[in-house]
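Just below is one structure, and these are the notes that go with it.
2 protein chains.
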Amino acid sequence: MSGRQGAKPVIHAFAGGKLDRRAELRQTRAPRAVVKLAGDRAVVTGQEEGVLKLALFSEEAGPEAVHLGVEEDGTQVMADRIREEPLPEGCQLIDLRSLAMQGLIGTAELSLLAQARSLLFWHERHGFCANCGARTTLMDAGYRRDCASCKAQHFPRTDPVVIMTVSGPEGVLLGRGHGFLPRVYSALAGFMEPGESIEEAALREIFEETGIKALEVRYHSSQPWPFPSSLMIGCLARCEGGCIRIDESELEDARWFARSELVAMLAGTHEGGLKVPRPAAIAYHLIKAAVEEM
Amino acid sequence: MSGRQGAKPVIHAFAGGKLDRRAELRQTRAPRAVVKLAGDRAVVTGQEEGVLKLALFSEEAGPEAVHLGVEEDGTQVMADRIREEPLPEGCQLIDLRSLAMQGLIGTAELSLLAQARSLLFWHERHGFCANCGARTTLMDAGYRRDCASCKAQHFPRTDPVVIMTVSGPEGVLLGRGHGFLPRVYSALAGFMEPGESIEEAALREIFEETGIKALEVRYHSSQPWPFPSSLMIGCLARCEGGCIRIDESELEDARWFARSELVAMLAGTHEGGLKVPRPAAIAYHLIKAAVEEM
Numbered sequence: 045m046s047g048r049q050g051a052k053p054v055i056h057a058f059a060g061g062k063l064d065r066r067a068e069l070r071q072t073r074a075p076r077a078v079v080k081l082a083g084d085r086a087v088v089t090g091q092e093e094g095v096l097k098l099a100l101f102s103e104e105a106g107p108e109a110v111h112l113g114v115e116e117d118g119t120q121v122m123a124d125r126i127r128e129e130p131l132p133e134g135c136q137l138i139d140l141r142s143l144a145m146q147g148l149i150g151t152a153e154l155s156l157l158a159q160a161r162s163l164l165f166w167h168e169r170h171g172f173c174a175n176c177g178a179r180t181t182l183m184d185a186g187y188r189r190d191c192a193s194c195k196a197q198h199f200p201r202t203d204p205v206v207i208m209t210v211s212g213p214e215g216v217l218l219g220r221g222h223g224f225l226p227r228v229y230s231a232l233a234g235f236m237e238p239g240e241s242i243e244e245a246a247l248r249e250i251f252e253e254t255g256i257k258a259l260e261v262r263y264h265s266s267q268p269w270p271f272p273s274s275l276m277i278g279c280l281a282r283c284e285g286g287c288i289r290i291d292e293s294e295l296e297d298a299r300w301f302a303r304s305e306l307v308a309m310l311a312g313t314h315e316g317g318l319k320v321p322r323p324a325a326i327a328y329h330l331i332k333a334a335v336e337e338m
Numbered sequence: 045m046s047g048r049q050g051a052k053p054v055i056h057a058f059a060g061g062k063l064d065r066r067a068e069l070r071q072t073r074a075p076r077a078v079v080k081l082a083g084d085r086a087v088v089t090g091q092e093e094g095v096l097k098l099a100l101f102s103e104e105a106g107p108e109a110v111h112l113g114v115e116e117d118g119t120q121v122m123a124d125r126i127r128e129e130p131l132p133e134g135c136q137l138i139d140l141r142s143l144a145m146q147g148l149i150g151t152a153e154l155s156l157l158a159q160a161r162s163l164l165f166w167h168e169r170h171g172f173c174a175n176c177g178a179r180t181t182l183m184d185a186g187y188r189r190d191c192a193s194c195k196a197q198h199f200p201r202t203d204p205v206v207i208m209t210v211s212g213p214e215g216v217l218l219g220r221g222h223g224f225l226p227r228v229y230s231a232l233a234g235f236m237e238p239g240e241s242i243e244e245a246a247l248r249e250i251f252e253e254t255g256i257k258a259l260e261v262r263y264h265s266s267q268p269w270p271f272p273s274s275l276m277i278g279c280l281a282r283c284e285g286g287c288i289r290i291d292e293s294e295l296e297d298a299r300w301f302a303r304s305e306l307v308a309m310l311a312g313t314h315e316g317g318l319k320v321p322r323p324a325a326i327a328y329h330l331i332k333a334a335v336e337e338m
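One line per chain: the protein sequences are A and B, in this order.
Counting from 45, one number per residue, gives the positions in the first sequence under the numbering used here.
Counting from 45, one number per residue, gives the positions in the second sequence under the numbering used here.
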């Protein structure tokens, strides 16, 4: 399902959900299974051959529970926040990043958690009407909040982010943000702004962060990133090289990487210990695709 | 700048801005030009060879003005709402859809208006903190609103929408929404939801609206759509055909169109008077691309 003809399709972590979202069932409350989260952490259980499963609670969902979709057998799956209650025996809370990065849970379950986490976070932070300040009420099983005072309707947000490698005569341009783990370099990225296309946003971000004027931007693939509700839009950019001028408010470092260095970084065998993000992040796949074109 | 190799790059209406956004200048207030809008309508002036120009006001920008970017000569361009004041002689208010659809203004100016319209609308509807209900204050020259009470920071939203044609053995699948102009058929479209990739969102929307299970989705191009702040993500989907089952809450009609019919619709010569959207809409270009692949 990648946009690149001939390229191997990639289903990134947090995508690949198997539930039928069935928007028309959001009004009903069929027999249900409820997944529970506390912020970034999900309640998981057991360990069969090293893989954790989502804990599915069969109790009545609370008033702030959100509809996720319907399983093949017709079970409505919802998500709710866990509050004070002790966890059932054999259950534990694990954060979504660990579940993804360490491959602790299946693709479809991780995607379901991405959907749940983004929706629940949005409700936590949107209890009031941005238009008039009054309290709002959860509607449509979690896909809307209504203001009884000014009648405004509010919808969950998804924030598009462009993320891209830049290939030039000197190699592939990667950067290090201030919060990165030690020795990790990754694709450049930034939130899209109003009034620009994906390709324009990529060119703007590359120039803002590194001073490099790229010439061409191609879409590669996309990934939902539920921290809290980004859509990572992965692109491959090309440039004719140039002098890197780092925006120090955004980046700690940025430089060109030669093919041999990138191959080692992707394999985890770089002599200097430099790394790229893990395969659960779209950046890994963008860097891999850029290397394949070198 | 399209994602499709070999395809002719398309800069869609509302993209193609020429201003340097220069985020780092958002704190300064250099000599400036202010464009003014009243809701969907912009203040435009004169008519040289049939093309209107944006009216640029040189006065001090108001406290709710937003930074758009910097022109080549260093002029900071901002946008502000027009309120009660009478328009200067030779100026008029024209809505953005007309400016785009009728080609009344240049590409770069239209893109600047898209940016202005999305930002100004967001501020109009976000005077209060969604987290605690207190009043918020415009910061960073319009790219943030801060809550002094709970310290939450709020950023302008951009809502990703997938829009796609579906090609199958029986032709190209197009639909008619309830609010469409008479006899217009267009690409299917819908807002993305949390926890899905672009390709998954396209497949979901196609199935929800028409009951058709598409197999393949390829990214084509994107367009900022400032009504009020969408990002149209254009894709081409393929399917093996199937029975159309319309979601009547979303669509008035959907059907397969043969190549000859689409060619006539694109040219404005359809015998039955059927139409596709104008070239200012990404849908026109998606339909054209789908026809070229038939």
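Even for Gly, the Cβ is constructed at its ideal location relative to N, Cα and C.
Check	Outcome
Where Asp84/A falls: helix, strand or coil (DSSP)	coil
Straight-line gap, Ile290/A to Cys191/B (C-alpha atoms, nearest Å)	31 Å
Short Cβ contact (7 Å threshold) for Val307/A with Ala281/A	no
6 Å Cβ shell around Ala302/B - same chain, five flanking residues per side excluded	Gly215
Contact test: Ala109/B Cβ vs the ligand SAH heavy atom, cutoff 6 Å	With respect to small molecules bound, the structure shown includes none, and the ligand SAH cannot be examined in it.
Sequence-distant residues of the same chain with beta carbon closer than 8 Å to Val335/B, five excluded per side	Val216, Arg303, Leu306, Val307, Leu310
Within chain B, partners of Gly61/A - CB distance below 9 Å	Gly239, Glu240, Glu244
For His170/B, the three-state DSSP class (helix, strand or coil)	coil
Cutoff 7 Å: Ala51/A Cβ touching any chain B Cβ	Unreliable placement is indicated for Ala51/A, whose pLDDT of 47 sits below 50; no coordinate value is reported for it.
Rounded separation between Glu108/A and Leu164/A - CA only	8 Å
Cutoff 7 Å: Met236/B Cβ touching any chain A Cβ	yes
Nearest residue (CA-CA) to His22/A, options Glu237/B, Ile331/B, Ile256/B, Ser241/B	Not covered by the structure: residue 22/A. The range shown for chain A is 45 to 338.
C-beta neighbour in chain A for Tyr263/B, strict 7 Å	yes
Continuous alpha helix (DSSP H) stretch holding Phe301/B: start and end	Not the alpha helix (DSSP H): Phe301/B falls in the beta strand (DSSP E), residues 295-301.
Supposed close pair Leu154/A, Ala57/A - CB separation, criterion 8 Å	6 Å
Beta-carbon proximity check, Ser345/A vs Ser162/A, cutoff 7 Å	Chain A is shown from 45 up to 338; residue 345/A falls before or after that span and cannot be answered.
Euclidean distance between Cα positions of His270/B and Leu157/B	One point to set straight first is that residue 270/B is Pro, not His, in the sequence displayed. Answer to the nearest angstrom: the Cα atoms are 9 Å apart.
Three-state secondary structure assigned by DSSP to Ile288/A	coil
Residues of its chain near Met183/B, where Cβ-Cβ distance is below 6 Å and the 5 sequence neighbours each way are ignored	Asp190
N- and C-terminal bounds of the beta strand (DSSP E) containing Phe235/A	232-235
Chain-ordered neighbours of Arg65/B on chain A, where CB pairs are closer than 9 Å	Glu237, Glu240, Arg248, Glu252
Rounded distance between the beta-carbons of Cys283/B and Lys257/B, thought under 8 Å	7 Å
Same chain, Cβ closer than 8 Å to Glu249/B, five either side skipped, listed in chain order	Val206, Met208, Leu232, Ala233, Gly234
Proximal chain A residues relative to Gln159/B, where beta-carbon distance stays under 8 Å	Glu237, Pro238, Gly239, Glu240
Which listed residue (Thr313/B, Asp203/B, Tyr328/B) has its alpha carbon closest to that of Ser241/A	Asp203/B
4-residue-minimum alpha helix (DSSP H) runs that sit fully inside the segment 128-189 of chain A, ordered along the chain	140-145, 151-168
C-alpha distance - Gly239/B paired with Arg201/A, whole-angstrom precision	11 Å
Counterpart residues of Pro204/B in DSSP-defined beta bridges	Leu275/B
Residues near Ile259/B in its chain [Cβ-Cβ closer than 7 Å; skip 5 each side]	The sequence as given places Leu at residue 259/B; Ile does not occur at that position. Same-chain partners within the cutoff: Arg282, Cys283, Glu284.
When Gly255/B, Glu103/B, Ala298/B, Arg85/B are compared against Leu318/B, the one with the closest alpha-carbon	Ala298/B
Chain-ordered residues of the segment 166-180 of chain A with a beta carbon less than 9 Å from chain B	Trp166, Glu168, Arg169, His170, Gly171, Phe172, Cys173, Ala174, Asn175, Cys176, Gly177, Ala178, Arg179, Thr180
Members of the segment 184-213 of chain A that neighbour chain B once the beta carbon cut-off is set at 8 Å	Tyr187, Ala196, His198, Phe199, Pro200, Arg201, Thr202, Asp203, Pro204
CB contact below 7 Å: Pro107/A versus chain B	no
Contacting residues, own chain, Cβ-Cβ under 6 Å from Ala245/B (five flanking each side not counted)	Val206, Met236
Assigned exposure category for Pro268/B - 16 Cβ within 10 Å defines buried	buried
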